[in-house]
Amino acid sequence: MSDIPREEPRPMQPAGESPDHRPAPAAGEPEQARTGTAGESGRTRAGTADESGRTRTAAEPGQAPARAVAPWVRTRLRAAPGAAAGLALLVFVTALLAAALPRVVDAYETEGLRHGIGTAPAHESQLEITYPMEQGATVAPASLREDQERLRRLLPAPLRTDPEQSANGVRTMEPVHGLDPWLPAPGGEPVRFTLSSPSDPAAHTVLRQGRMGKGDPRRPEAVATAATAKVLGLKPGSVVHVPGITAEPVAVTVTGIVEPRDPGRPYWEVDPVLSTPALAMTDHPTEPKPYWQAGLLIAPESGSALASTTGTPEVFWRFPVVTDHLTAQDAAPLAAAVDSARGGPASAEIRRVTGDTGAVATGLDEISAAYAATKAAISPVVAVAVFGIGAVAAVVVAMTGGLFLSRRDGELTLLRARGASLPAIGLRLLGETAAVAVPAAALGLAAAVALVRGPDTPGAPALTGSAPLLPSVLGAALVALIAALVLPVRAMLRHRALRLHGAREDLVDARPSRRRTVAELTLLVLAAGAIGSLRLRGTDDAGDHLVSAAPVFIGVIAALVLVRIQPLPLRWLARPARRMRGAVGPLAIARAARSSATGVLPLLTLVLALTTAAFGGSVLAGVAEARDRAALLATGADARIEGRTEGVPLPPRLTEAVRGAKGVRAALPVQIEYGLALPSPVVTDQPMSAPLVAVDPAAYAKLARETDNGAFPAELLASTGKGGREAVGDTDRVLPALASPEVAARLGDQPQRLNAAAGAFRVRVVAVRDSTPAVRGGDFLVVNAADITNRRETALLVSGAPDGAALRTAVGAGSGELAVTLSTETRRSYVDSPLQSGAEGLYSAAIGAGAAYAVVAVLLSLTRSGPERATLLARLRTMGLTRRQGRRLLGLEALPPAVFAALGGALAGWATVPLLAPGVDLHRLALATAAEGVGASGVVLRADPWSLLLPAVAVVLLTGAAAGIQAWWTGRRSSVKELRAGDAR
831 MSDIPREEPR PMQPAGESPD HRPAPAAGEP EQARTGTAGE SGRTRAGTAD ESGRTRTAAE
891 PGQAPARAVA PWVRTRLRAA PGAAAGLALL VFVTALLAAA LPRVVDAYET EGLRHGIGTA
951 PAHESQLEIT YPMEQGATVA PASLREDQER LRRLLPAPLR TDPEQSANGV RTMEPVHGLD
1011 PWLPAPGGEP VRFTLSSPSD PAAHTVLRQG RMGKGDPRRP EAVATAATAK VLGLKPGSVV
1071 HVPGITAEPV AVTVTGIVEP RDPGRPYWEV DPVLSTPALA MTDHPTEPKP YWQAGLLIAP
1131 ESGSALASTT GTPEVFWRFP VVTDHLTAQD AAPLAAAVDS ARGGPASAEI RRVTGDTGAV
1191 ATGLDEISAA YAATKAAISP VVAVAVFGIG AVAAVVVAMT GGLFLSRRDG ELTLLRARGA
1251 SLPAIGLRLL GETAAVAVPA AALGLAAAVA LVRGPDTPGA PALTGSAPLL PSVLGAALVA
1311 LIAALVLPVR AMLRHRALRL HGAREDLVDA RPSRRRTVAE LTLLVLAAGA IGSLRLRGTD
1371 DAGDHLVSAA PVFIGVIAAL VLVRIQPLPL RWLARPARRM RGAVGPLAIA RAARSSATGV
1431 LPLLTLVLAL TTAAFGGSVL AGVAEARDRA ALLATGADAR IEGRTEGVPL PPRLTEAVRG
1491 AKGVRAALPV QIEYGLALPS PVVTDQPMSA PLVAVDPAAY AKLARETDNG AFPAELLAST
1551 GKGGREAVGD TDRVLPALAS PEVAARLGDQ PQRLNAAAGA FRVRVVAVRD STPAVRGGDF
1611 LVVNAADITN RRETALLVSG APDGAALRTA VGAGSGELAV TLSTETRRSY VDSPLQSGAE
1671 GLYSAAIGAG AAYAVVAVLL SLTRSGPERA TLLARLRTMG LTRRQGRRLL GLEALPPAVF
1731 AALGGALAGW ATVPLLAPGV DLHRLALATA AEGVGASGVV LRADPWSLLL PAVAVVLLTG
1791 AAAGIQAWWT GRRSSVKELR AGDAR
């Protein structure tokens, strides 16, 4: 019994202290590991640190060594797994968005570059190298093929060509007349042939009759397409004679009839007349005559025979450009490569093959310039949305750090009171957040790379795609850095001085310091500078990105102003509220005026989100309005029906048939006579013509008013009562007319005589308008149809919401020579480039992401104040407050901050739009393919009421719903835990 060791008696420990004589943790504070918590001043209770940094407790004599203390990071993450999971989810989503953004932008910019080249006419999107062929010169097909490969190797990167569609040969630069009398000659004009000997015709055609041409320069042979043979009456064995440089014409024997293989490919598209003949008109000013344009495919072996014709022959090499390897980063190198081939170092190398007379022709420089101009106009507008959503995301991440700090404030205060240093606290907190943020950001980066790969590009890595990886890595790294640093930095700033446990932390004692005032004034100056710069120089950031951040600065200033003034109206409102029956209303207003939940970050998040939504919604609304306006101006009404060629009259009962079609509200027939020669009161050698439009004044004035397109009073075109067939001889009658500014200046103030197909009469301009529905821009002259002599309606303007199929059915039953144009179809044609659709999609995504972050901000704000609200509710319930009253109290307390945030965000968004509108150019974003002057003046950024009101109302409703749910859940919980002894809240 004496060998059994006795346990030494322990002294009595004071109440409220732990067994190791440390104060017990306050109620609600996270418990620390009993083996030593934060390394107060780097020390432990009774141990030393080994080389790895782990703290080991000293072993008592005769006992086994103590086990190593659990690491701080693992202990803290296990103590609050829900908070760690929430932070990881937020960082993952934010890193995913930050990493996906540059890849999305690169994807639609790459598609825009490829689309611009791929949809351009074949003769513009290819490189053509030529040199004039001297008379009597000869070229061999084999030498042309060798030179083609040499020239292909000389083209600088990133130019790549399609070998299958490349061609070489000899062609006539000027059409040559067919001399044979049996060839068709409408209007007495002979056929004009284009002679060309493209290489490898057998690979691009299907032989239908005869054989492929061979021959030699002395006996040239050719093949013709089936369409050409049908129009001109050609067949195998036909001989076509064309003028030669000598008195003897050149005879070309047609040996076969072929069908083009893949007629939509560049081999045929460069010169469409080779496959399909076209009826053209001579350029005679008084008597234009029709004639046929056609082409003959000369055999490559007979190409030298073209040197004997009068068609100015030239040798050519055509290189269609492929685009599947191009990315957005290749736009500038592509333009530089084209410049080098046309007049730079590559041009000198090319001339070594072609000679000094060689030339390079291409439209790639214009395509690249148009792409660069569109990108330059769209990118700064997109950057405004990117900066806005980026600022919202950063503030939400900072709010998360603030939530963690508020939950652990008592713990950190206790650690500082026990001697813990700021660097030690900061490093330990950094380890906690980095252990969560870095893996989450890495997963977000991996998800972005996997989900957004961009267009297919040969040779691109299988895992990352064609989009550059570095911007995505930097975006995810920035998110991880902010998420990891926000908690330790805020903790070090908050606890840089020792603080009293349980001190008051609402707006009553939050006095703005001088540093805060200076910071707010600095932001105000930056915001004013950004706005002024944007209004002066437009959306061109010039590399400093200050302009793109202007809406963010406006939102920041609005939030700071709201934080300063928000308590005042609430306190003023609290005075009359004291006279209300019951304590819920006055208490809710008083708490809302002092609550710490109404801090800067929650309010800033909501204001920035609402400002971004308002600006983005206004941009999208402005783009949609501009396209609707341009389509309406181009069509003249909701639909337009007219002949496929000018002057085709409408069938007799077409108007009644159209009025009965589905969706048609009204149909207005008009008479349009194009190319009317206009007189001038002064002697001039400058001829001028304009369309003459005859309309029903009442119906036409209504249409102009409804479409806001040159509205005018119908009384201006009142009838003179002298129209109709009986007025043929009365050429002195004066018709009132509505004219464009140029036509009005041409005719002057006095009546001028017109000799038109509609009749002979005089007109006086009584009103001037910039546009009119019947004519697509340009000049016009509108008169009353009742006053003209020869009535012949040529167009029908349809109003309403016409169904395209029903309308075309009604028109097709009357005539097959009429074309139907709907404004909705015209509108869709304006969205031509992926640059437009990609930018619009990005703006929509930015608005959606901003709304999501606003929801997270509301939830974080309510979560941060949740424990304090629960304690208040428990205490008030001991004083007789019912559950229903408690829920009303918590719900009403959360509404005033939400209302202030909604009002501030709506006002900031409303102020942002007119301030930035003069510097924002939406024309290229809205109308990439619209004709010049069609709707361009109407593309103005205006505040969209729905974009201002809907998000603001949604914020208030969301806050009220979240506060109500929180109040309901809090009311169901027991009050014992909240009122336990020692609770410091």
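Using the working numbering, the first residue of the sequence shown is number 831, and each one after it goes up by one. We put the beta carbon where it would ideally sit given N, CA and C, even for glycine.
*beta strand (DSSP E) segments (min. 3 residues) lying fully within the region 1489-1533*: 1494-1507 and 1519-1525
*Inside the region 982-1030 only - beta strand (DSSP E) runs reaching at least 3 residues*: 997-1002 and 1022-1026
*When we look at the beta-carbon of residue 1012 and count the other beta-carbons within 10 Å, is it buried (16 or more) or exposed?*
exposed
*Take residue 1549 and list the residues in its own chain whose beta-carbon comes closer than 7 angstroms to its own, dropping the five residues that flank it on each side.*
1614, 1616 and 1617
*Hey, could you find the ends of the alpha helix (DSSP H) residue 1198 is sitting in?*
1194-1237
*Tell me where the beta strand (DSSP E) around residue 1097 begins and ends.*
Element bounds for residue 1097: not the beta strand (DSSP E) but the alpha helix (DSSP H), 1096-1099.
*Member of 1620, 1666, 1641 and 1527 whose CA lies at the smallest distance from the CA of residue 1591*: For the residues 1620, 1666, 1641 and 1527, the minimum Cα distance to residue 1591 belongs to 1620.
*Proximity of residue 1359 and residue 1438 at Cβ, strictly below 7 angstroms*: Taking C-beta atoms as the reference points, residue 1359 and residue 1438 fail to come closer than 7 angstroms.
*Between residue 1111 and the rest of its own chain, which residues show a CB-CB distance below 8 angstroms, the 5 nearest in sequence each way excluded?*
1118, 1119, 1120 and 1121
*Label residue 1418 either buried or exposed according to how many other C-beta atoms from any shown protein chain fall within 10 Å of its C-beta, with 16 as the threshold for buried.*
Only buried fits residue 1418, as 16 or more other CB atoms lie within 10 angstroms of its CB.
_Let's test the definition: count the other Cβ atoms within 10 Å of the Cβ of residue 1113 and tell me whether it reaches 16, buried, or not, exposed._
exposed
*Is the CB-CB distance between residue 1503 and residue 1533 below 7 angstroms?*
no
*If you count every other CB in all the chains shown that lies within 10 Å of the CB of residue 1280, and 16 or more means buried, which is it?*
exposed
*Would you say the region 946-963 touches the region 1211-1221, given that touching needs at least three Cβ pairs under 8 angstroms?*
Contact fails: fewer than three Cβ-Cβ distances are below 8 angstroms.
_Element boundaries [beta strand (DSSP E), containing residue 1610]_ = Run containing residue 1610: none; DSSP gives neither H nor E here.
*From what residue to what residue does the beta strand (DSSP E) around residue 1695 run?*
Run containing residue 1695: none; DSSP gives neither H nor E here.
*Is there contact between the region 1462-1475 and the region 1233-1241, where contact requires at least three CB pairs shorter than 8 angstroms?*
no
*Under 8 angstroms by Cβ, that's how I've got residue 1393 and residue 1440 pegged, so tell me the actual separation to the nearest angstrom.*
With 8 angstroms as the limit, residue 1393 and residue 1440 do not qualify as a contact, their Cβ atoms being about 15 angstroms apart.
*Find out if the Cβ-Cβ distance for the pair residue 805, residue 1314 is shorter than 7 angstroms.*
Only positions 831 to 1815 of the chain appear in this structure, which leaves residue 805 out of reach.
*Which full runs of the beta strand (DSSP E) of 3+ residues lie inside the region 1428-1490, going along the chain?*
Complete beta strand (DSSP E) runs here, min 3: 1469-1473.
*Identify which residue in 1075, 1085, 999 and 1716 has its Cα closest to the Cα of residue 1040.*
Its Cα nearest to that of residue 1040, the residue 1085 stands out among 1075, 1085, 999 and 1716.
*For the beta strand (DSSP E) that contains residue 1383, what are its first and last residues?*
No beta strand (DSSP E) contains residue 1383, which is instead part of the alpha helix (DSSP H) from 1380-1395.
*Taking C-alpha atoms, which residue in 1127, 1195 and 1740 lies nearest to residue 1030?*
Out of 1127, 1195 and 1740, the CA that lies nearest to the CA of residue 1030 is found in 1127.
*For the putative contact between residue 918 and residue 1270, defined by C-beta atoms under 8 angstroms, what is the C-beta separation to the nearest angstrom?*
4 angstroms
*Thinking C-beta only, is residue 1093 closer than 7 angstroms to residue 1105?*
yes
*Along the beta strand (DSSP E) that carries residue 1149, what are the first and last residues, could you check?*
Run containing residue 1149: 1143-1150, per the beta strand (DSSP E) assignment.
_residue 1595 versus 1570, 1604, 976 and 1589, residue with shortest Cα-Cα distance_ = 1570
*Report yes if the C-beta distance between residue 1519 and residue 1505 is below 7 angstroms; otherwise report no.*
Yes, the pair counts as a contact, with Cβ atoms nearer than the cut-off.
*Could you tell me the boundaries of the alpha helix (DSSP H) in which residue 1715 lies?*
In this chain, the alpha helix (DSSP H) harbouring residue 1715 covers 1713-1746.
*Under a three-way DSSP split, which group does residue 1414 fall into?*
helix
*Beta-carbon separation of residue 1747 and residue 1779 under 7 angstroms?*
no
*Are the beta-carbon atoms of residue 1124 and residue 1164 separated by less than 7 angstroms?*
no
*What does DSSP give as the partner residues of residue 1039 in its beta bridges?*
1087
*Can you tell which of 1682, 1790, 1547 and 1305 has the C-alpha that lies nearest to the C-alpha of residue 1727?*
1790
*Using the Cα positions of residue 1587 and residue 1629, report the straight-line distance between them to the nearest angstrom.*
The alpha-carbon atoms of residue 1587 and residue 1629 are separated by roughly 28 angstroms.
*Is the closest heavy atom of the ligand COA to the C-beta of residue 1649 under 6 angstroms?*
With respect to the ligand COA, the structure offers nothing, as it holds no ligand at all.
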